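Each residue of the sequence shown is one higher than the last, beginning at 5 in this note's numbering. Scroll down for the structure; my scribbles are underneath it.
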Amino acid sequence: MKSVNSEQQAIPKHTEQVISKLLKQTLFGSVLLFLFVVLLARFFQEPVLDISKAFIEFTGAFGVGIAIFIADSVHIFLPPDTFLMIAVAAGLKDWEVIATASIGSVIAGTFSYAQGRYLLPKLDSFTSFVRKHEEKLEVYIRRFGFWAVVLGALTPLPYSWTSVAAGALKMKFRLYLLAALFRLPRFFLFYYLIKLGWVGGLS
Numbered sequence: 005m006k007s008v009n010s011e012q013q014a015i016p017k018h019t020e021q022v023i024s025k026l027l028k029q030t031l032f033g034s035v036l037l038f039l040f041v042v043l044l045a046r047f048f049q050e051p052v053l054d055i056s057k058a059f060i061e062f063t064g065a066f067g068v069g070i071a072i073f074i075a076d077s078v079h080i081f082l083p084p085d086t087f088l089m090i091a092v093a094a095g096l097k098d099w100e101v102i103a104t105a106s107i108g109s110v111i112a113g114t115f116s117y118a119q120g121r122y123l124l125p126k127l128d129s130f131t132s133f134v135r136k137h138e139e140k141l142e143v144y145i146r147r148f149g150f151w152a153v154v155l156g157a158l159t160p161l162p163y164s165w166t167s168v169a170a171g172a173l174k175m176k177f178r179l180y181l182l183a184a185l186f187r188l189p190r191f192f193l194f195y196y197l198i199k200l201g202w203v204g205g206l207s
């Protein structure tokens, strides 16, 4: 409980400050991602193409959705945009990538929500590991509710941990799911950002 209170004190007093900080991080991260993709296309085109084609040949288009499901449900740092990059380099259809990525991510978030709601209270070993991360995000859920999950879906606020916190605090599932659907515009925008960087790097 003390850690939750200390996190509450650490959050900026005004909502505008919190959102402004997250939006700045999102913008900064987007620019870095774009530049990184341009560099990959310009200087590492062959190995990226080889890896991408091998991945898609082995898994098919659905492999992108499965990989993003894993990235968004296993609580380690594994950027889902890695697999958008693979899909772009492999030349998959736009709608196919955005649809499978979004579906995989929303299912992953639902899995994390279920962990927080049903598994977290029952397993002591699981709880001791998860609480370290989940308590930090409980503060956002208590403060912003539905919009905390939206921020997790769109910004660098960790989506999987936000989903766990939403489940632990027993947010209504329908409300959670509505917020999680904001992953779709997030993948739409980042997919085309990556595609623009890849095409720009090749030209």
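Here a beta-carbon is modelled for each residue, glycine too, at the ideal position from N, C-alpha and C. Here the structure is a predicted model, which is why all the values come from computation and not from measurement.
- The DSSP assignment places complete alpha helix (DSSP H) segments of no fewer than 4 residues inside the segment 147 to 198 at 150 to 158, 163 to 172, 177 to 184, in order along the chain.
- Within its own chain, the residues whose Cβ lies closer than 6 Å to the Cβ of residue 60, once the five positions on either side in sequence are excluded, are 94, listed in chain order.
- For residue 108, the uninterrupted alpha helix (DSSP H) segment begins and ends at 98 to 118.
- Using a 10 angstroms sphere on the CB of residue 120, the tally of other CB atoms reaches 16 or more, which defines it as buried.
- For residue 189, the closest alpha carbon among the candidates 107, 166, 126 is that of 107.
- For residue 126, there is no enclosing alpha helix (DSSP H), as DSSP gives it neither H nor E.
- Here residue 99 is exposed. Its C-beta has fewer than 16 other C-beta atoms within 10 Å.
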